[in-house]
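Those protein sequence lines, which keep their order, are chains A and B.
Using this note's numbering, read the first sequence as starting at 1317 and increasing by one per residue.
Using this note's numbering, read the second sequence as starting at 57 and increasing by one per residue.
Think of the CB as a built atom: it goes at the ideal place given N, C-alpha and C, for glycine as much as any other residue.
Taking it in order: structure first as structure tokens, then the write-up.
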Amino acid sequence: KAGVTQTPRYLIKTRGQQVTLSCSPISGHRSVSWYQQTPGQGLQFLFEYFSETQRNKGNFPGRFSGRQFSNSRSEMNVSTLELGDSALYLCASRRDGGGNSYEQYFGPGTRLTVT
Amino acid sequence: AQSVTQLDSQVPVFEEAPVELRCNYSSSVSVYLFWYVQYPNQGLQLLLKYLSGSTLVKGINGFEAEFNKSQTSFHLRKPSVHISDTAEYFCAVTTTGTASKLTFGTGTRLQVTL
Chain A
1317 KAGVTQTPRY LIKTRGQQVT LSCSPISGHR SVSWYQQTPG QGLQFLFEYF
1367 SETQRNKGNF PGRFSGRQFS NSRSEMNVST LELGDSALYL CASRRDGGGN
1417 SYEQYFGPGT RLTVT
Chain B
57 AQSVTQLDSQ VPVFEEAPVE LRCNYSSSVS VYLFWYVQYP NQGLQLLLKY
107 LSGSTLVKGI NGFEAEFNKS QTSFHLRKPS VHISDTAEYF CAVTTTGTAS
157 KLTFGTGTRL QVTL
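See below:
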């Protein structure tokens, strides 16, 4: 079974621009979560989508948004980029529903550099 | 809200020696605990999980961890490490009510040398 895939793997943007990152979950997984990883703040939860609806949200400004499509694929968008948005953005999927569905499986991440 | 503390930011160890990476958590409700490993320029790989049942859980690559509710700990152990175990290890916690929101520790860098 294919794992979680994320595109693109690397991205360089300029301050003020916006960016869209994509995530395809493991087949059959309905929950997709996004995390930001930085050297200073570590791994922080951004939000979770399930059945095309945002179900949980972390403490990030409104510039960070996301959506989920009917096939469970998800995108996250960051508008008006700031230097501090430079990070590794990780997507994780979870089956959600029945059995041991608490474990999350992570993709390789998208490395975003804002200059 | 829950929190995770990884007491050691770096753990140097010689190859074939045993290792323990420490993790303590704080939560007012029942928790689910995980250990993830991150190799350079990669995402997180699930090593093992504690959801319920036996407090000693075994994972991939020869790692195991023991859930200790009274000490609120979930330490990761391996009896004999290999050079290839050099990586960053993260302990994470979630609860029934926030199942998709993992709270991570700050990570422990395991450095295995010959």
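Checklist entry - By a C-beta neighbour count over all protein chains shown, 10 Å radius and 16 as the cutoff for buried, is L112(B) buried or exposed? => result exposed
Checklist entry - Within the 8 Å Cβ cut-off, does R1371(A) reach chain B? => result yes
Checklist entry - Looking at C-alpha atoms only, which residue of K1373(A), N1393(A) and E1368(A) is the closest neighbour of G1332(A)? => result N1393(A)
Checklist entry - Does the beta carbon of S1343(A) come closer than 8 Å to any beta carbon on chain B? => result no
Item to check | Q1370(A) to S1338(A) span [Cα, whole Å] | outcome: 16 Å
Next on the checklist: Rounded to whole angstroms, what is the Cα-Cα separation between S126(B) and T151(B)?
Outcome noted: 17 Å
Checklist entry - Name the chain A residues that come within less than 8 Å of T150(B), Cβ to Cβ? => result Y1418
Checklist entry - Which value, in whole angstroms, describes the spacing of the CA atoms of L158(B) and R1383(A)? => result 19 Å
Checklist entry - Between V149(B) and V69(B), what straight-line distance do the alpha-carbon atoms span, to the nearest angstrom? => result 26 Å
Next on the checklist: Residues of chain B with CB closer than 8 Å to the CB of Y1405(A), please, in chain order.
Outcome noted: Within chain B, no residue comes near Y1405(A); the closest Cβ sits about 10 Å away, beyond 8 Å.
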